[in-house]
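In full-length UniProt numbering, the protein residues as written are 1 to 394.
Presented below is the structure to which this report refers.
Right, here's the structure in full:
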């Protein structure tokens, strides 16, 4: 069983593995001049394990994406790896990507398309094939380089025979090339280790930040040794930088620094970031063209110290202590989307889809055993009560 992170102390949970360059960080361009300025940036491209694919060090995250013009601008900045899913906005993100692909002509061959679907026990081979075909139609393409199963929460969910049968059939037809997985839940270390041991999964898509699990670097190294490539997301450790006064003083960008930190790990092929406006394209592409600096390291250390007992790692350790079966990790993740990602409507819908008993409606009157169970000493009860207030429609 992988560690849940309870052994992390304040000295250990910031791990920066690369030397700093001392270069100053450039500021973000204005929205109206980004399109003209990205040509001065040089995107890194990294091998994705043993797949034979080269991926852009920063990949285009499409959750919430609905503006095809953004994708063309991202391509100009070298972001040729596109991460999406058939479940994003009920397929609308894929549709927007498809519209963009329809306008770029021969540039399709520059792209590495990465999509996926939920595949649970009991799924049929045909249902998986139908999911792949539906994604291809929405994306207006005849193939995707990577297809993944999404929302994996335990190693048991990796062994779905229908998935492997469907994947091999779709691969033989030229519709997909490599199989991957992703998930947000607690216990992802166990999931990743099981996928590495399985051998059929060639791409991992996982949360990775400087404030969480101490053995994750070892896991990614083991994956790399077996030819498995890794893309990462949620490098912002909760995205609560605006709560720390003057954290980004002097023109620093917290988001840039977290991307640069992740890229100091040679076993990370690409950092997936959500792109919703043109200025983000330059900001995030810059992170792939310069090394992390000493001021950025200091900024991350400040964030890590001040957010140690505030940031929920979604490790699920506390859930076993809950007498009401509240899905603490999911509730806190949806609250993060609401408060820090600008996804108010979406997060409320996700919360509403949780079974009633898994919501935080009962937390206000609870004695909060979750707080003594939290490895990081967080005020779990107060945050759950606030989350329920924010996320409830009624």
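Cβ coordinates follow ideal geometry from the N, Cα and C atoms, glycine included.
The structure displayed is predicted, hence computed values, not measured ones.
Discussion item. Let me make sure I understand the geometry here. Which of 365, 373, 377 has the alpha-carbon closest to that of residue 385?
Written reply: Working through the chain shown from its first residue, we reach residue 385 at position 385. Among 365, 373, 377, the Cα nearest to that of residue 385 is on 365.
Worksheet item: From this set, 200, 333, 251, 276, which residue's C-alpha is nearest residue 73's C-alpha?
Response: Locating residue 73 in the chain shown gives position 73, counting from the first residue. Comparing Cα positions, the closest option is 276.
Fill in: Beta bridge counterpart(s) of residue 59 as assigned by DSSP
Mapped onto the chain shown, residue 59 falls at position 59. Answer is 272, bridged to residue 59.
Discussion item. Taking the beta strand (DSSP E) that residue 301 belongs to, which residues open and close that run?
Written reply: Here residue 301 refers to the residue found at position 301 when the chain shown is read from its first residue. Looking at the DSSP string, residue 301 is not in any beta strand (DSSP E); the run it does join, the alpha helix (DSSP H), is 294-307.
Worksheet item: Residue range of the beta strand (DSSP E) that residue 148 falls in?
Response: Taking the first residue of the chain shown as 1, we reach residue 148 at position 148. Start and end: 144-149.
Fill in: Per DSSP, cross-strand counterpart(s) of residue 178
By one-based count along the chain shown, residue 178 stands at place 178. DSSP lists 146 as partners of residue 178.
Fill in: Whether residue 255 touches residue 236 by CB criterion (8 Å)
Start at 1 with the first residue of the chain shown, and residue 255 comes out as number 255. Start at 1 with the first residue of the chain shown, and residue 236 comes out as number 236. Yes, the Cβ-Cβ distance between residue 255 and residue 236 is below 8 Å.
Item to complete: Please confirm whether residue 101 and residue 139 have their CB atoms less than 8 Å apart.
Response: Along the chain shown, one-based indexing puts residue 101 at 101. Along the chain shown, one-based indexing puts residue 139 at 139. Against a cut-off of 8 Å, the Cβ pair of residue 139 and residue 101 comes out as a contact.
Practice prompt. Can you give me the start and stop residues for the alpha helix (DSSP H) that residue 203 sits inside?
Written response: Reading the chain shown from its first residue, position 203 is the one you call residue 203. Here residue 203 belongs to no alpha helix (DSSP H); instead the beta strand (DSSP E) covers 203-207.
Worksheet item: Roughly how many angstroms lie between the CA atoms of residue 233 and residue 258, to the nearest whole one?
Response: The count along the chain shown starts at 1 and reaches residue 233 at position 233. The count along the chain shown starts at 1 and reaches residue 258 at position 258. Taking the straight line joining both Cα atoms gives about 10 Å.
Fill in: Nearest-angstrom beta carbon gap, residue 57 and residue 288 [assumed within contact, 8 Å]
In the chain shown, counting from the first residue as 1, residue 288 sits at position 288. In the chain shown, counting from the first residue as 1, residue 57 sits at position 57. Confirmed, about 4 Å.
Worksheet item: In the DSSP assignment, what are the bridge partners of residue 46?
Response: Residue mapping note: residue 46 aligns to position 46 of the chain shown, counting from 1. Residue 46 pairs with 55.
Practice prompt. Reducing DSSP to helix, strand and coil, say where residue 82 ends up.
Written response: Start at 1 with the first residue of the chain shown, and residue 82 comes out as number 82. Three-state result, residue 82: strand.
Item to complete: Taking residue 221 as part of the beta strand (DSSP E), name the residues at either end of that continuous run.
Response: Reading the chain shown from its first residue, position 221 is the one you call residue 221. That residue, residue 221, is in no beta strand (DSSP E); its alpha helix (DSSP H) goes 216-225.
Discussion item. Counting C-beta neighbours from all protein chains within 10 Å, is the total for residue 282 16 or more, i.e. buried, or is it exposed?
Written reply: As a first step, residue 282 must be located in the chain shown, where it is residue number 282. It is buried - the Cβ of residue 282 has at least 16 other Cβ atoms within 10 Å.
Worksheet item: At which residues does the beta strand (DSSP E) containing residue 111 begin and terminate?
Response: Stepping through the chain shown from its first residue, residue 111 is reached at position 111. Note, residue 111: premise wrong, no beta strand (DSSP E); not H, not E.
Worksheet item: Quick one: any contact between the segment 115-132 and the segment 169-176, if contact means 3 or more CB pairs under 8 Å?
Response: yes
Worksheet item: With 16 as the cutoff for other CB atoms within 10 Å, does residue 320 come out buried or exposed?
Response: Counting from one through the chain shown, the residue named residue 320 turns up at place 320. Classification for residue 320: exposed.
Worksheet item: From which residue to which residue does the alpha helix (DSSP H) around residue 233 run?
Response: As a position in the chain shown, residue 233 is number 233, starting the count at 1. First-last for residue 233: 229-233, but that is the beta strand (DSSP E), not the alpha helix (DSSP H).
Worksheet entry | Distance between beta carbons of residue 152 and residue 181, contact taken as under 8 Å | The residue labelled residue 181 in the question sits at position 181 within the chain shown. The residue labelled residue 152 in the question sits at position 152 within the chain shown. At roughly 5 Å, the Cβ-Cβ gap stays under 8 Å, so residue 181 and residue 152 are in contact.
Worksheet item: Per DSSP, what kind of secondary structure is residue 374 in: helix, strand or coil?
Response: Counted from its first residue, the chain shown places residue 374 at position 374. If DSSP states are grouped into helix, strand and coil, residue 374 belongs with coil.
Worksheet item: When the Cβ atoms of the segment 107-124 are set against those of the segment 81-97, are three or more pairs found closer than 8 Å?
Response: yes
Item to complete: Apply the 10 Å Cβ neighbour rule to residue 392 and answer buried if 16 or more other Cβ atoms are within range, or exposed otherwise.
Response: As a working mapping, residue 392 is identified with position 392 in the chain shown. By the 10 Å Cβ count, residue 392 comes out exposed.
Item to complete: Could you check if residue 372 is buried or exposed, using at least 16 other CB atoms within 10 Å of its CB as the buried criterion?
Response: Taking the first residue of the chain shown as 1, we reach residue 372 at position 372. Exposed, because fewer than 16 other Cβ atoms sit within 10 Å of the Cβ of residue 372.
Practice prompt. Determine which residues share a DSSP beta bridge with residue 183 and list them.
Written response: To locate residue 183, count along the chain shown from 1; it is residue 183. BP columns for residue 183 point to 206.
Worksheet item: Near residue 333, what residues of its chain come up, given a Cβ to Cβ distance below 8 Å and the 5 sequence neighbours on each side ignored?
Response: Indexing the chain shown from 1 puts residue 333 at position 333. Cβ neighbours of residue 333 beyond the five flanking positions: 184, 312, 314.
Worksheet item: Mapping DSSP to helix, strand and coil, what is residue 327?
Response: By one-based count along the chain shown, residue 327 stands at place 327. The answer is coil: DSSP assigns residue 327 none of H, G, I, E or B.
Worksheet entry | Inter-residue Cα distance where the pair is residue 171 and residue 327 | Within the chain shown, residue 171 is the residue found at index 171, counting from 1. Within the chain shown, residue 327 is the residue found at index 327, counting from 1. Taking the straight line joining both Cα atoms gives about 36 Å.
Item to complete: Could you check what DSSP says for residue 352 in three-state terms: helix, strand or coil?
Response: In the chain shown, counting from the first residue as 1, residue 352 sits at position 352. It is helical.
Item to complete: Would you check if there are 3 or more beta carbon pairs closer than 8 Å linking the segment 42-55 to the segment 68-83?
Response: yes
Fill in: Residue from 120, 76, 121, 134 whose Cα sits closest to the Cα of residue 107
Taking the chain shown and counting its residues from 1, the one referred to as residue 107 is at position 107. With distances taken between Cα atoms, residue 107 lies closest to 76.
Practice prompt. Could you check if residue 356 is buried or exposed, using at least 16 other CB atoms within 10 Å of its CB as the buried criterion?
Written response: For the purposes of this step, residue 356 is taken as residue 356 along the chain shown, with counting starting at 1. Counting Cβ neighbours within 10 Å, residue 356 comes out exposed, since fewer than 16 surround it.
Worksheet item: How long is the line joining the alpha carbons of residue 192 and residue 219, rounded to whole angstroms?
Response: The residue you call residue 192 lines up with position 192 of the chain shown. The residue you call residue 219 lines up with position 219 of the chain shown. Distance between the alpha carbons of residue 192 and residue 219 is about 7 Å.
Worksheet entry | Proximity of residue 71 and residue 278 at Cβ, strictly below 8 Å | Along the chain shown, one-based indexing puts residue 71 at 71. Along the chain shown, one-based indexing puts residue 278 at 278. Cβ atoms of residue 71 and residue 278: not closer than 8 Å.
Discussion item. Check this for me: beta carbons of residue 318 and residue 374, under 8 Å apart or not?
Written reply: Within the chain shown, numbered from 1, the residue matching residue 318 stands at position 318. Within the chain shown, numbered from 1, the residue matching residue 374 stands at position 374. Yes, Cβ-Cβ distance for residue 318 and residue 374 is below 8 Å.
Worksheet item: Can you tell me the Cα-Cα spacing of residue 146 and residue 350, whole angstroms?
Response: Start at 1 with the first residue of the chain shown, and residue 146 comes out as number 146. Start at 1 with the first residue of the chain shown, and residue 350 comes out as number 350. One C-alpha to the other measures close to 26 Å.
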